[in-house]
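**Student:** Here it is, the structure, as structure tokens.
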Amino acid sequence: AAYIGGASATSNTAGGKKFGIPVTGTIAHSWVLSFPTELEAFTSYAELYPDKSIFLIDTYDTLRSGIKNAIKAGALLYEKGHSFGVRLDSGDIAYLSAEVRKELDKAGFKDATISVSNDLSEEIISTLVSQKAPIDSWGIGTQLATGGTESSFTGVYKMCARTDNSTGKLLPVMKFSDNPAKNTNPGVKNVFRLYDEEGMARADIIALEDEEIECGKEYLYHHTMIDYRQFHFTASSVRPLLKKRLENGKRLSPPSTEKERLQESRKRMMDEMETFDDSYKRILNPHIYKVSITEKLKDLKMEFIKGRQESVFQSI
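Numbering of the sequence shown is given in my numbering, commencing with residue 295 and proceeding in unit increments.
Structure below.
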């Protein structure tokens, strides 16, 4: 999931072997601690991995020993035509990365890279970028694997239609809740993405299964919960988002390998993200992307709401 979402590599070698994800990694603190000195740990690692040496420099003291020993080990690599990098995993990352960059540049290693880790989140990364911290790559683990403050996805499957036993047709049904956000949209549906004349995504529209949205034609769309929120839009292009993958238990698309599926999914995600304006993707106060319903679905929903209200009043 992380690779599909934009991560460039993994430290999980099994993931690399099974899915073809590029594998990368650095020294662990245990590696440094297993040698008599930090310098010996670095030089030994450099001998084993001369093309991918990234030295973890905060095991003892980042500025007083770590970066100095990394430069010594890196100099040996440079003599053999190899480059190197360093990693920070603790402390004030903004300050330390700037100081480490100075030391590397002063020693003549201007192409040496700086990687950082230490429980990074998108907010921390955004702050470091805004401070112009000289960081080349980010190692993200805990926040990515656990989801951080969003450790669960608050979405559930709900029934939207039932089969009429006498006709075999699907009849729409709707679940009600004291929390309006949990009221469901009735009926079998389709979802369309609307694009403007520049090819940028402007809204996703939930429609009933038999509806079509035509390019160049203006439609009125409604907020899923707030009655008075609505907007008119004329789409330059329209793309249905739902695709049938299985029918009667059989795959409709030709089989592909796990590696191929992963690469296809990653490319599709990257291509789709390019169609969203940056205002939707910013971390602080992002513009809210519209997800709305058609007039026909809105009318059907209101019929259910009105019918429920009438049945409640009749029972009082």
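Glycine included, every Cβ here is placed at the ideal spot set by N, Cα and C. Nothing here was measured: the structure is a model prediction, and the numbers come from that model.
Leaving aside the five residues before and after T407 along the sequence, list all residues of the same chain whose C-beta is less than 6 Å from its C-beta, in chain order.
**Tutor:** G379, D430, listed in sequence order.
**Student:** Just checking, does the region 569-587 make contact with the region 500-509 on the three C-beta pairs under 8 Å criterion?
**Tutor:** Short answer: they touch.
**Student:** Output the distance between the C-alpha atoms of R523 and Y513, rounded to the nearest integer angstrom.
**Tutor:** Rounded to the nearest angstrom, the two C-alpha atoms are 14 Å apart.
**Student:** Quick one: which unbroken alpha helix (DSSP H) runs of 4-plus residues sit fully inside the region 374-423? Chain order, please.
**Tutor:** Within the region 374-423, the complete alpha helix (DSSP H) runs of at least 4 residues are 387-400.
**Student:** Leaving out five residues before and five after K511 in sequence, what residues of the same chain have Cβ atoms less than 7 Å from its Cβ?
**Tutor:** Result list for K511: T528, in chain order.
**Student:** When you compare only the Cα positions, how much space is there between G299 and S460?
**Tutor:** Roughly 47 Å between the two C-alpha positions.
**Student:** Could you check where the beta strand (DSSP E) with L464 kicks off and where it finishes?
**Tutor:** Residues 464-466.
**Student:** According to the Cβ coordinates, are S530 and Y489 closer than 8 Å?
**Tutor:** Their beta carbons are under 8 Å apart, which means S530 touches Y489 by this criterion.
**Student:** If R381 sits next to S409, beta carbons under 8 Å apart, how far is it from one beta carbon to the other, in whole angstroms?
**Tutor:** R381 to S409, Cβ: 4 Å. Contact.
**Student:** Mapping the DSSP letters down to three states, classify E444 as helix, strand or coil.
**Tutor:** Here E444 sits in coil by DSSP.
**Student:** To which residues of the same chain is P428 closer than 7 Å at the C-beta, ignoring the five residues directly before and after it?
**Tutor:** Closer than 7 Å at Cβ, skipping near neighbours: S391, A392, R395, I408.
**Student:** If you check the beta carbons only, do M468 and T478 fall under 8 Å apart?
**Tutor:** Yes; because the gap between Cβ atoms is below 8 Å, this pair is in contact.
**Student:** For L556 and A495, I'd like the C-alpha separation in whole angstroms.
**Tutor:** For L556 and A495, the distance between alpha carbons rounds to 24 Å.
**Student:** Just mark S411 as buried or exposed, buried being the case when its beta carbon has 16 or more other beta carbons within 10 Å.
**Tutor:** It is buried - the Cβ of S411 has at least 16 other Cβ atoms within 10 Å.
**Student:** Between I315 and A303, is the Cβ-Cβ spacing less than 8 Å?
**Tutor:** Yes, they are a contact pair.
**Student:** Which one or two residues does DSSP pair with F525 in a beta bridge?
**Tutor:** F525 pairs with Y515.
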